[in-house]
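Read top to bottom, the protein sequences are chains A and B. Quick note, the first sequence lines up with residues 1149 to 1466 if you use our numbering. Quick note, the second sequence lines up with residues 965 to 1209 if you use our numbering. Okay, structure first, notes after.
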Amino acid sequence: MNIKRVISRGLFSLGLPLLILILLATLPFYAPGYTAILLSSIFMYVVLTVSWVIFSGSTGYISLAPAAFFGVGIYSSALFGNELPLGIVIGIGGIASACLALLVGALTLRLKGIYFAIFTFGLVMLIAHLLLFWEINITGTRGRFVVLVDYNTIYYVMLAIMVVTLLTSFLIRRSKFGSALQSIGENEEAAVHIGINVTMFKVIAFAISAVFTGAVGAIMATRWTYIDPFIAFNPLYSFMPVLMAIFGGMGRLYGPVIGAAIFSYLEEFLITKFPYYYMLIFGIILLVAILYLPDGLVGLVQKLRRRITGGKYANTGR
Amino acid sequence: MRILEGEGVTRYFGGLAAVSDVSFHVERGEVAGLIGPNGAGKTTLFNLISASLAPNSGTIKFKGVNITGRKPHQICHMGVARTFQTVKIFANMPVIDNVRLGAFFGTSSGMSAAEASREAAELLEFVGLQAVSAIPARDLTLANQKKLEVARALATKPELLLLDELMAGLNQTEVAQAMQMIRQIHDRGITIVMIEHVMTAIMKACDRIIVLHHGKKIAEGTPQEIASSETVINVYLGEQSYAGG
């Protein structure tokens, strides 16, 4: 392979993310306020999707638990937001979610396939209803107010969480830990017989993905100001990461990122432009994507690249 | 010295005793064969040894240590590796990564990335797959996928290797190659237990053969003894009877 190509690729893969990061970090100084608000929603979805892919993308266990972890983060903010500084509240959100993931993971990761998906979805419902019961019968409230934080702070915190999530995902993908997770997705029985402690690896990956989901929930809550159990534990936040990851494609790190970015922008755009037809259009786009882009946008990009280079570099794996 | 020893090993599936009160042993350094008609419980016995399944009763000892109740990855770390009747490879990973994972995780002490890569490359050469090390494992032929499974198992540095129907589905040439591979693995000082239906292969390769039928051990001995044993012949060919008259 020629050296120029390697260097230019290196610059591309290091320089481009850095450039985007600088642009994003300085954005609130020159862009209208709405852009920052829109972008922090996009960041939230990127974090939800990338952290979902950390666990489910590699191991093949479809988790519908993100809404549970997200909700735990939201409630951490509602409970401690008034007394503690924001950074600690976000930390509590992340750690509480991870603890829930460790507990649930240790109990249920022996379930396979659809059973695991259904159980994790049930978890979201269970927590929402338990919480509602508690709030009504014990604390005598229904919802809670969350402390207000200004938009720029939310923007930067979201950006920071997103950068950490992406870095973590990047490092996991290249590590021994990542290839162990990959092997579980490929063939769990073979993985366990070559000495991989699959239960431990699965539970840890599940917990890592929960940390970021919980943290992002804690900061998002401050934008909503009022929450109740069904706002916090909205199943939509379980399904969106799955759809976004499929739309973007899970083969590469950038897949879930652009999947989440385009999807959440699309949602915002359709809601404002076509409030009555938005769900309909959304559904059609999703169907078309699943039918014609089985490997998501990543697959499309790879197919195009292969066509441009005339198949010369086709099928080199990675 | 006995490297592997089972006593009264029993496993039920519902009401059916897949393996029933089987006691067996494997000497260090030998090639032992495990034969029997379909459904005799051979693979179940492998699953019990490698801890895919737990026995309902009985104990299994490896190097004198009771290993019943341990987890499969612990059994692997202790030095027992296996292959599968239907190949279980990491299909979408490159061939070399399949083996490298075995080297990474197969020993309890672990290995550095460079060491694991070197080990993997060497093992691929050993089984004759060095030319295809970069392609995805799913693109290999069945014979090569089976070789890959063996290389991956060897990467975990086993003292005992369980081969489950290595030769099923292979043609004459491939069977001959597999036979040679088994001899070479044996030369490395690794004890082998193999399940096989290819009789010529098992008679040539094994020092000792254990015969299972309906979950019970019905015979045990050298290939000559097994070949001339009346019980074994009855099981495989049916009992001799007088037709008509």
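Cβ coordinates follow ideal geometry from the N, Cα and C atoms, glycine included.
Cβ-Cβ distances below 6 Å link Leu1106(B) to Gly1133 in the same chain, with the five nearest sequence neighbours on each side left out; the list follows chain order.
The beta carbon of Pro1036(B) falls within 8 Å of a beta carbon belonging to chain A, placing the residue at that interface.
The DSSP-derived three-state label of Asp1376(A) is coil. Every alpha helix (DSSP H) of 4 residues or more that sits fully in the stretch 1060 to 1115 of chain B is shown, in chain order, as 1077 to 1091. Remark: C-beta atoms of Ser1188(A) and Tyr1263(A) do not approach each other more closely than 8 Å. Nearest to Gly972(B) by C-alpha distance, out of Ile1013(B), Gly979(B), Ile1099(B) and Ile1053(B), is Ile1013(B). By the rule that beta-carbons nearer than 8 Å mark a contact, Leu1065(B) touches chain A. Counting every other CB atom within 10 Å of its CB across the protein chains shown gives Ala1165(B) a total of 16 or more, marking it as buried. For chain B, the residues of the stretch 1316 to 1338 of chain A that bring a beta carbon within less than 8 Å of one of its beta carbons are Lys1324, Ser1327, Ala1328, Gln1330, Ser1331, Glu1334, Asn1335, Glu1337 and Ala1338, in chain order. Around the Cβ of Pro1214(A), a 10 Å sphere holds 16 or more other Cβ atoms; the residue is buried. In chain order, Leu1088 place their CB closer than 6 Å to the CB of Gln1094(B), counting only its own chain and leaving out the 5 sequence neighbours on each side. Annotated three-state conformation of His1041(B) is helix, per DSSP.
Residues Thr1197, Val1198, Val1201, Ala1393 and Gly1396 of the same chain have their beta carbon placed closer than 6 Å to that of Pro1404(A), with the five preceding and five following residues left out of the count.
Around Tyr1385(A), the same chain offers Leu1196, Pro1214, Ala1215 and Phe1218 as residues with beta carbons nearer than 7 Å, after the five sequence neighbours per side are excluded. Across the set Gly1028(B), Glu1160(B) and Asp1171(B), the C-alpha of Glu1160(B) shows the shortest separation from the C-alpha of Phe1010(B). Under the Cβ distance rule, Ile1210(A) does not count among the residues neighbouring chain B, no pair being separated by less than 8 Å. In this structure, DSSP gives His1177(B) an extended state, which the three-state scheme calls strand.
Counting only runs of 3 or more residues that sit fully inside the stretch 1121 to 1159 of chain B, the beta strand (DSSP E) segments are 1124 to 1128 and 1155 to 1159, in chain order. Against chain A, a Cβ distance below 9 Å from Ala1055(B) picks out Glu1334 and Asn1335. Between Gly1221(A) and the set Arg1400(A), Thr1207(A) and Ile1236(A), the nearest pair of CA atoms involves Ile1236(A). In the DSSP annotation of this structure, Tyr1200(B) is not part of any beta strand (DSSP E); the continuous alpha helix (DSSP H) holding it starts and ends at Glu1194 to Leu1201.
Interface flag for Ser1014(B) against chain A is set, since a Cβ pair is found closer than 8 Å. Listed along chain B are His1037, Leu1065 and Phe1069, each with a C-beta nearer than 8 Å to that of Ile1344(A).
Ranking Gly1092(B), Val1114(B), Met1075(B) and Lys1035(B) by CA distance to the CA of Val1340(A) puts Lys1035(B) first.
Between Val1340(A) and chain B, the shortest Cβ-Cβ separation is below 8 Å.
About 29 Å separates the beta carbons of Leu1280(A) and Phe1191(A), which is beyond the 8 Å limit, so they are not a contact pair. Contact of His1041(B) with chain A by beta-carbon distance below 9 Å involves Gly1343. Here His1037(B) is buried, its C-beta having at least 16 other C-beta atoms within 10 Å. Bounds of any alpha helix (DSSP H) do not take in Ser987(B); it lies within the beta strand (DSSP E) bounded by Leu980 to Glu991. Leaving aside the five residues that flank Arg1290(A) on each side, the residues in its chain whose CB is nearer than 7 Å to its CB run, in chain order, Glu1283, Ile1284 and Asp1376. Comparing C-alpha distances from Ala1173(A) to each of Ser1245(A), Ile1309(A) and Ile1266(A) shows the shortest one belongs to Ile1309(A).
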